[in-house]
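*Asks:*
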Amino acid sequence: MIGVSESAALPYDVFAKACPSRSVFEHVTGKWGALVLGRLTRTPQRFGQIRAQVDGISDRLLTQTLRTLCDDHLVVRSVPADSPGHPVYQLTEAGDDVAFAVRSLITSVENAMTRGAGA
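Straight run, no breaks: the sequence shown in full-length UniProt numbering ends on number 119.
(1) Give the straight-line distance between the Cα atoms of residue 79 and residue 59, rounded to the nearest whole angstrom.
(2) Quick check on the DSSP output: the beta strand (DSSP E) that includes residue 78 runs from which residue to which?
(3) Fully enclosed by the UniProt domain "HTH hxlR-type" (19 to 117), which alpha helix (DSSP H) runs are 4 residues long or longer?
(4) Pairing CB atoms from the segment 68 to 76 with CB atoms from the segment 22 to 29, are three or more of them under 8 Å?
(5) Comparing alpha-carbon positions, which option in 76, 116, 81 lies nearest residue 92?
(6) Do the segment 82 to 99 and the segment 37 to 49 meet, that is, are 3 or more Cβ pairs less than 8 Å apart?
(7) So is residue 34 buried or exposed if we call it buried at 16+ other beta carbons inside 10 Å?
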């Protein structure tokens with residue numbers, strides 16, 4: 001746990017209302033942001049591949065979520081030269097760190113459910 005003196009040394013403070021890290025945190029911890037980040041990797045994936053892995057997300061919401069995560073510099077969108085018109089998405093280095101934490105949280109939730117926390 002980060003103490004007050006330790007967090008004061010950080011350039012960003014997600015607990016501060018005006019800090020820009022707060023909005024990124026909200027994007028990451030929202031329903032679709034967390035699920036999309038949990039499925040993305042450093043390997044490029046097409047839109048349809050991501051949609052197939054995140055059950056229940058609409059094209060509109062996936063587009064919006066990917067755009068937001070790109071704006072937050074957690075995901076990068078690129079168009080391969082051999083596939084014009086077919087963009088791919090992959091995690092940035094920062095996105096990989098955040099996605100690792102999200103996947104850890106997902107695993108913890110699933111393990112808690114297995115132990116009966118959701119019953």
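Just so you know, even glycine gets a beta-carbon here, dropped at the ideal spot from N, CA and C.
*Replies:* Taking the geometry as given:
(1) The count along the sequence shown starts at 1 and reaches residue 79 at position 79. The count along the sequence shown starts at 1 and reaches residue 59 at position 59. Looking at the two C-alpha atoms, the distance is approximately 19 Å.
(2) On the sequence shown, position 78 is the one that residue 78 refers to. 75 to 78 is the span of the beta strand (DSSP E), which, as asked, contains residue 78.
(3) If one requires a minimum length of 4 residues, the alpha helix (DSSP H) runs lying completely within the UniProt domain "HTH hxlR-type" (19 to 117) are 20 to 29, 31 to 39, 47 to 53, 59 to 71, 93 to 114, in chain order.
(4) These segments touch.
(5) Counting from one through the sequence shown, the residue named residue 92 turns up at place 92. Selected option, being the one with the closest Cα: 76.
(6) With a cut-off of 8 Å on Cβ pairs, the segment 82 to 99 is in contact with the segment 37 to 49, counting three or more such pairs.
(7) Your numbering for residue 34 matches position 34 in the sequence shown. So residue 34 counts as buried.
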